[in-house]
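Trainee: Residue numbers (UniProt numbering): 1 to 940.
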Amino acid sequence: MTGDQQGFGKGCHLHLIDGSAFIFRAYHALPPLTRKSDGLPIGAVAGFCNMLFRYVEGNKGPDAPTHVAVIFDHSSKTFRNEIYPAYKANRPELPEDLRPQFPLTRDATRAFNIACIETEGYEADDIIATLSCKARDAGGRVTIISSDKDLMQLIGDGVVMFDAMKNKTIDRDEVFEKFGVAPERVVDVQALAGDSVDNVPGAPGIGIKTAALLITEYGDLETLLDRAGEIKQPKRREALVNNADLIRVSKRLVQLDCETPLDFSLESLEVLAPEPEVLLPFLTEMEFRTLTKRVADSLKVAAPVAQAAPEAEVAAPEVLPFEAAGYEAVTTAEALAEWVARIRARGYVAFDTETTSLDEMRADLVGISLAVEAGRACYIPIGHRAGGGDLFASDSLVEGQLPLAEVLAALKPVLEDPSILKIGQNMKYDAKIMARLGVTVAPIDDTMLMSYAMHGGLHNHGMDELSERYLNHRPIPIKDLIGSGKSAVTFDRVAVADAVKYAAEDADVTLRLWQLFKPRLHRAQVTTVYETLERPLIPVLAEMEMHGIQVDRDTLSRMSNAFAQKMAGLEAEIHELAGGPFNVGSPKQLGEILFDRLGVPGGVKGKTGAYATGADVLEDITTLEDSQPQGARLAARLLDWRQLSKLKSTYTDALQDHINPETGRVHTSYSIAGANTGRLASTDPNLQNIPVRSEEGRRIREAFVAPEGRVLVSLDYSQIELRILAHVAGIPALKQAFEQGHDIHAMTASEMFNVPLDQMTPEIRRQAKAINFGVIYGISGFGLARNLRIPRGEAQGFIDRYFERFPGIRAYMDDTIAFAKAHGYVQTLFGRKIHTPEINAKGPGAGFAKRAAINAPIQGTAADVIRRAMIRMPQAIAGLDAKMLLQVHDELLFEVAEADAAALTQAAKEVMEAAAAPAVHLSVPLTVEAGQGQSWSAAH
DNA sequence: CTCGTCACG
DNA sequence: GACGTACGTGACGAGT
Numbered sequence: 001m002t003g004d005q006q007g008f009g010k011g012c013h014l015h016l017i018d019g020s021a022f023i024f025r026a027y028h029a030l031p032p033l034t035r036k037s038d039g040l041p042i043g044a045v046a047g048f049c050n051m052l053f054r055y056v057e058g059n060k061g062p063d064a065p066t067h068v069a070v071i072f073d074h075s076s077k078t079f080r081n082e083i084y085p086a087y088k089a090n091r092p093e094l095p096e097d098l099r100p101q102f103p104l105t106r107d108a109t110r111a112f113n114i115a116c117i118e119t120e121g122y123e124a125d126d127i128i129a130t131l132s133c134k135a136r137d138a139g140g141r142v143t144i145i146s147s148d149k150d151l152m153q154l155i156g157d158g159v160v161m162f163d164a165m166k167n168k169t170i171d172r173d174e175v176f177e178k179f180g181v182a183p184e185r186v187v188d189v190q191a192l193a194g195d196s197v198d199n200v201p202g203a204p205g206i207g208i209k210t211a212a213l214l215i216t217e218y219g220d221l222e223t224l225l226d227r228a229g230e231i232k233q234p235k236r237r238e239a240l241v242n243n244a245d246l247i248r249v250s251k252r253l254v255q256l257d258c259e260t261p262l263d264f265s266l267e268s269l270e271v272l273a274p275e276p277e278v279l280l281p282f283l284t285e286m287e288f289r290t291l292t293k294r295v296a297d298s299l300k301v302a303a304p305v306a307q308a309a310p311e312a313e314v315a316a317p318e319v320l321p322f323e324a325a326g327y328e329a330v331t332t333a334e335a336l337a338e339w340v341a342r343i344r345a346r347g348y349v350a351f352d353t354e355t356t357s358l359d360e361m362r363a364d365l366v367g368i369s370l371a372v373e374a375g376r377a378c379y380i381p382i383g384h385r386a387g388g389g390d391l392f393a394s395d396s397l398v399e400g401q402l403p404l405a406e407v408l409a410a411l412k413p414v415l416e417d418p419s420i421l422k423i424g425q426n427m428k429y430d431a432k433i434m435a436r437l438g439v440t441v442a443p444i445d446d447t448m449l450m451s452y453a454m455h456g457g458l459h460n461h462g463m464d465e466l467s468e469r470y471l472n473h474r475p476i477p478i479k480d481l482i483g484s485g486k487s488a489v490t491f492d493r494v495a496v497a498d499a500v501k502y503a504a505e506d507a508d509v510t511l512r513l514w515q516l517f518k519p520r521l522h523r524a525q526v527t528t529v530y531e532t533l534e535r536p537l538i539p540v541l542a543e544m545e546m547h548g549i550q551v552d553r554d555t556l557s558r559m560s561n562a563f564a565q566k567m568a569g570l571e572a573e574i575h576e577l578a579g580g581p582f583n584v585g586s587p588k589q590l591g592e593i594l595f596d597r598l599g600v601p602g603g604v605k606g607k608t609g610a611y612a613t614g615a616d617v618l619e620d621i622t623t624l625e626d627s628q629p630q631g632a633r634l635a636a637r638l639l640d641w642r643q644l645s646k647l648k649s650t651y652t653d654a655l656q657d658h659i660n661p662e663t664g665r666v667h668t669s670y671s672i673a674g675a676n677t678g679r680l681a682s683t684d685p686n687l688q689n690i691p692v693r694s695e696e697g698r699r700i701r702e703a704f705v706a707p708e709g710r711v712l713v714s715l716d717y718s719q720i721e722l723r724i725l726a727h728v729a730g731i732p733a734l735k736q737a738f739e740q741g742h743d744i745h746a747m748t749a750s751e752m753f754n755v756p757l758d759q760m761t762p763e764i765r766r767q768a769k770a771i772n773f774g775v776i777y778g779i780s781g782f783g784l785a786r787n788l789r790i791p792r793g794e795a796q797g798f799i800d801r802y803f804e805r806f807p808g809i810r811a812y813m814d815d816t817i818a819f820a821k822a823h824g825y826v827q828t829l830f831g832r833k834i835h836t837p838e839i840n841a842k843g844p845g846a847g848f849a850k851r852a853a854i855n856a857p858i859q860g861t862a863a864d865v866i867r868r869a870m871i872r873m874p875q876a877i878a879g880l881d882a883k884m885l886l887q888v889h890d891e892l893l894f895e896v897a898e899a900d901a902a903a904l905t906q907a908a909k910e911v912m913e914a915a916a917a918p919a920v921h922l923s924v925p926l927t928v929e930a931g932q933g934q935s936w937s938a939a940h
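(1) May I ask you to report which of helix, strand or coil DSSP gives residue 117?
(2) Mind checking residue 522: buried by the 16 CB within 10 Å criterion, or exposed?
(3) On the criterion of 16 or more Cβ atoms from any shown chain inside 10 Å, does residue 132 qualify as buried, or is it exposed?
(4) Short check: CB of residue 192 to CB of residue 205, under 7 angstroms?
(5) Within the continuous beta strand (DSSP E) that includes residue 162, where are the two ends?
(6) Consider the C-beta atom of residue 181 and the heavy atoms of the ligand COA; say whether any pair is separated by less than 6 angstroms.
(7) Let's see if you can read the secondary structure: which residues bound the alpha helix (DSSP H) around residue 821?
(8) Would you call residue 727 buried or exposed, if buried means 16 or more other Cβ atoms sit within 10 Å of its Cβ?
(9) With a threshold of 7 angstroms on Cβ separation, who are the neighbours of residue 863 within its own chain once the five nearest residues in sequence on each side are excluded?
(10) Go ahead and pull the three-state DSSP assignment for residue 777.
(11) Can the beta-carbon of residue 666 be found closer than 7 angstroms to that of residue 896?
(12) Per DSSP, which residues does residue 182 bridge with? Please list them.
(13) Classify residue 241 as buried or exposed, calling it buried when 16 or more other Cβ atoms lie within 10 Å of its own Cβ.
(14) According to DSSP, simplified to helix, strand and coil, what is residue 317?
(15) Measuring only the C-alpha atoms, how far is residue 285 from residue 34?
(16) Give the single residue among 784, 550, 617 and 619 whose Cα lies nearest to the Cα of residue 707.
(17) Residue 136: which of 879, 10, 783 and 899 sits nearest, CA to CA?
(18) Have a look at residue 169 and residue 421 and give me their C-alpha separation to the nearest angstrom.
(19) Got a sec? Which residues, its chain only, sit under 8 angstroms from residue 574 by beta carbon, not counting five neighbours each side?
(20) Tell me whether residue 93 sits in a helix, a strand or coil according to DSSP, three-state version.
(21) Run through the DSSP bridge pairs and tell me what residue 351 is partnered with.
(22) Give a yes or no on whether the C-beta atoms belonging to residue 511 and residue 410 are separated by under 7 angstroms.
(23) Compute the Euclidean distance between the alpha carbons of residue 208 and residue 233, then round it to the nearest angstrom.
(24) Start and end of the beta strand (DSSP E) containing residue 941?
(25) Please confirm whether residue 301 and residue 342 have their CB atoms less than 7 angstroms apart.
(26) For a quick check, are the C-beta atoms of residue 746 and residue 765 less than 7 angstroms apart?
(27) Tell me where the alpha helix (DSSP H) around residue 79 begins and ends.
(28) Skipping 5 residues on each side, what residues in its chain have a beta carbon closer than 7 angstroms to that of residue 80?
(29) Which residues bound the beta strand (DSSP E) around residue 398?
(30) In the DSSP assignment, what residue or residues form a beta bridge with residue 196?
(31) With 16 other CB atoms within 10 Å as the buried threshold, where does residue 815 fall?
(32) Give every residue of the same chain whose Cβ lies closer than 7 angstroms to the Cβ of residue 4, excluding the five residues on either side of it in the sequence, and list them in chain order.
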């Protein structure tokens with residue numbers, strides 16, 4: 001549109017891309033990829049190229065830019081360091097695998113035929129500022145592609161920002177929302193508020209909110225500083241009066257330079273189409289196969305043939321397209337025999353089942369899909385039934401399917417053959433389905449768990465997500481076949497032709513993921529984790545889940561009725577107190593009644609505009625007996641009602657529905673790859689959160705029972721996370737206390753408060769206990785204060801004293817955060833990696849990430865320990881009439897014949913206490929406490 | 001389908 | 001008195 005235009009001027013639209021932001025985002029969004037041929041770190045370059053390509057593709061419309069440039073930081077030393085040496089001084093070191101990628105991102109930019117700009121001694125932000133001023137003055141429009149708040153000062157007439165991550169334009173309104181002032185005054189606010197990330201000092205105690213207030217009141221920074229003496233609040237006044245010079249320096253630090261020298265003209269930034277003969281060779285050299293192909297498609301030229309990679313087989317899945325033509329239905333004995341032969345010849349097979357339910361204990365097999373090479377897969381329909389719900393929908397099987405017995409007879413030898421590897425995505429599911437048909441699937445690999453071992457913390461590990469991420473392919477959604485919500489049908493009602501496309505594709509995707517992941521496991525150094533902590537858990541958990549636990553329906557039912565009665569009474573009382581009926585279960589209605597109608601003070605509205613009415617809020621209200629007797633009583637009744645409501649709806653009612661009609665027992669399902677830290681998660685139902693803390697709730701455990709002649713045995717690790725903390729942080733006093741079997745919380749209290757153990761009070765011990773737990777969670781003064789309901793300053797004092805007394809804890813925390821910042825992950829003692837992609841983010845996200853990073857190695861190591869115990873357990877108790885039923889993070893629950901109870905307790909205890917060895921030698925002992933009884937309540 | 005709430009370690 | 005804050009989960013009912 002500007003081909004006939006000579007200079008840069010009216011009608012032109014300049015895009016300025018913040019290159020560094022692209023690089024860092026790319027680096028943290030992707031796993032640490034390396035170039036296959038020589039191991040060169042390439043992840044950031046790959047992400048950068050993908051982003052540039054997406055940018056180019058996305059900017060072809062009517063509002064396309066006429067000019068564009070990517071701007072980079074040249075070096076970390078700039079004129080700002082002369083003004084203030086500490087500027088950006090506390091920036092963490094660059095990850096070592098990132099720096100060598102910087103020159104490649106410049107090459108990539110040029111390869112896309114986009115101007116690539118950097119200037120010695122200036123930050124990218126200054127060049128962006130200079131260019132955008134020039135372009136605007138010339139009458140053009142400017143879009144800055146970045147979300148960096150430091151650039152927001154440039155926004156104004158003709159200049160906007162665009163946050164490519166959120167796909168959102170940032171204009172004056174957004175700036176006002178963020179800084180409370182117009183873009184012209186942003187530097188004034190930043191100068192006052194400072195910036196801890198860039199080490200801009202600002203005025204102590206003044207944040208953005210206060211700064212915006214002051215600037216709005218006084219007009220601008222200079223006026224404010226001149227008249228600072230008039231400020232009423234003494235702290236603010238002093239902060240400004242005493243730091244005027246520092247604030248002026250801060251302003252020079254945040255003020256972008258619009259006069260950086262440029263050795264090129266705006267015209268030279270004209271948008272040019274990428275030249276295939278430049279771009280494609282670059283991408284090929286980087287060995288970005290998928291991107292090369294996509295770019296070639298977009299440029300409508302043939303993709304260059306990649307250099308023969310040493311691992312040609314691994315390269316295959318990324319190149320082959322997904323096509324239904326490669327998928328077939330197997331409906332004859334001959335075809336099935338052929339597939340069996342193919343599997344035997346290959347030595348491995350991707351395997352997937354289709355069933356009528358997500359609940360493996362109720363699901364019926366509908367079909368099986370297999371794949372032995374990328375792009376070629378089959379589906380064996382077995383249990384498809386006629387009709388989609390019409391009047392004549394019969395239960396009769398669709399014609400032309402092989403009988404189940406025949407399919408099993410042909411496949412069982414393969415599925416059980418120790419020389420043939422069976423590959424699945426979430427194999428526990430398929431293994432359970434097959435186990436119920438008498439087939440033990442082994443040996444196995446599981447792509448979900450491979451991904452979990454490599455990418456834990458980066459993303460989830462469901463097949464659709466993995467396929468999109470790593471194969472650039474979006475599989476057919478199951479919704480397309482069975483619908484969703486109320487109108488959903490079961491898979492057996494899906495037409496065979498449709499099922500073939502869907503199911504064969506799943507096996508195909510699984511196989512390709514495996515081909516991709518298998519060699520990467522090793523490079524990511526998580527093979528041991530996968531092979532010792534993930535994969536062997538599959539049969540162990542499958543066994544536990546299938547066995548289930550006996551739950552007494554009558555007990556639950558009686559409790560439900562009792563709860564219902566009590567709730568009805570409370571409800572009447574609550575309505576009386578409220579002055580009318582309302583939905584007691586609605587936090588919204590409750591908040592309005594408490595704070596608006598009854599006038600209880602202190603109502604706080606959350607971001608959705610509703611009052612917070614959580615238990616802590618209601619508890620505070622119950623103490624207002626003098627000023628708000630009605631509100632206090634209402635809050636007290638409500639707390640009681642809520643407790644009963646929770647117990648009834650989530651436990652006594654819902655658990656009854658989970659009793660399997662065939663087995664009469666409750667079968668949970670554990671997700672191995674659900675929790676980031678390595679913990680298991682229990683679903684449908686969740687048996688890891690059965691009440692125990694309150695007396696009323698604990699009675700629910702009376703319904704979990706052992707059958708006649710058997711007992712439940714519960715074994716739980718004592719203080720396992722604190723012991724691990726004592727080990728990893730190397731705290732002699734804690735270790736000694738554990739070795740001598742002392743009360744760890746009392747010991748901590750004694751050390752901290754200088755109280756002899758024999759004079760310990762429960763209150764002091766309680767505080768020390770809260771601090772001990774706080775440390776594991778990445779303690780903060782605020783959090784501890786809220787937990788203990790003490791003033792913040794006091795809580796901070798506790799923490800300071802704790803760190804003073806146990807300096808190793810501080811060091812552990814600092815080291816862990818530094819490690820996470822440098823590597824993007826933290827590790828358990830057993831080598832499990834937990835990625836922390838947010839750790840280098842700005843804003844409040846970083847705080848979360850830091851605390852999670854501190855907690856993850858501790859919680860994760862404990863999770864690894866009990867996993868190891870569980871994996872060894874079947875062997876250890878093989879001779880006993882005993883079954884492991886449940887895991888609750890630090891507890892294992894067994895059902896055992898009365899005669900074997902003592903032997904089981906001893907054997908299982910030994911396994912648990914020795915579970916860390918030999919891989920890790922803990923410098924603290926692990927101890928296990930045991931209990932037994934007819935019910936879980938009695939065993940605990 | 002998201003939010004607030006609350007059950008567990 | 002910058003922000004918002006203990007870590008990790010799953011299930012429920014209400015309200016959009």
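The C-beta atom is built at its ideal place from N, Cα and C for all residues, glycine as well.
All values reported here derive from a predicted model rather than from experimental measurement.
Mentor: In terms of the structure at hand:
(1) strand
(2) exposed
(3) buried
(4) no
(5) 159-163
(6) Of ligands this structure carries none, so the ligand COA is not represented either.
(7) Here the alpha helix (DSSP H) through residue 821 covers 807-823.
(8) Buried, because 16 or more other Cβ atoms sit within 10 Å of the Cβ of residue 727.
(9) 677, 678 and 679
(10) coil
(11) Their beta carbons are not under 7 angstroms apart, which means residue 666 does not touch residue 896 by this criterion.
(12) Paired residue(s): none; residue 182 is not in a bridge.
(13) exposed
(14) For residue 317, the predicted model reports a pLDDT of 42, less than 50, meaning its position is unreliable; a value from the coordinates is still stated below. In the structure shown, residue 317 sits in a helix (DSSP, three-state: H, G or I).
(15) Approximately 13 angstroms, taken between the alpha carbons.
(16) 550
(17) 10
(18) Answer to the nearest angstrom: the Cα atoms are 51 angstroms apart.
(19) 584, 634, 637, 638 and 641
(20) For residue 93, the three-state secondary structure derived from DSSP is coil.
(21) In the DSSP output, where bridge partners are listed per residue, residue 351 has 370.
(22) no
(23) 17 angstroms
(24) In the structure as shown, the chain starts at 1 and stops at 940, and residue 941 therefore has no counterpart that could be examined.
(25) no
(26) yes
(27) 79-83
(28) For residue 80, where only same-chain residues beyond five positions count, the Cβ hits under 7 angstroms are 87 and 253.
(29) Run containing residue 398: none; DSSP gives neither H nor E here.
(30) Answer is none; residue 196 lacks a bridge partner.
(31) exposed
(32) Since pLDDT at residue 4 reaches only 44, below the 50 mark, its modelled position is unreliable, and the value read off the structure follows with that caveat. Result list for residue 4: empty, nothing under 7 angstroms.
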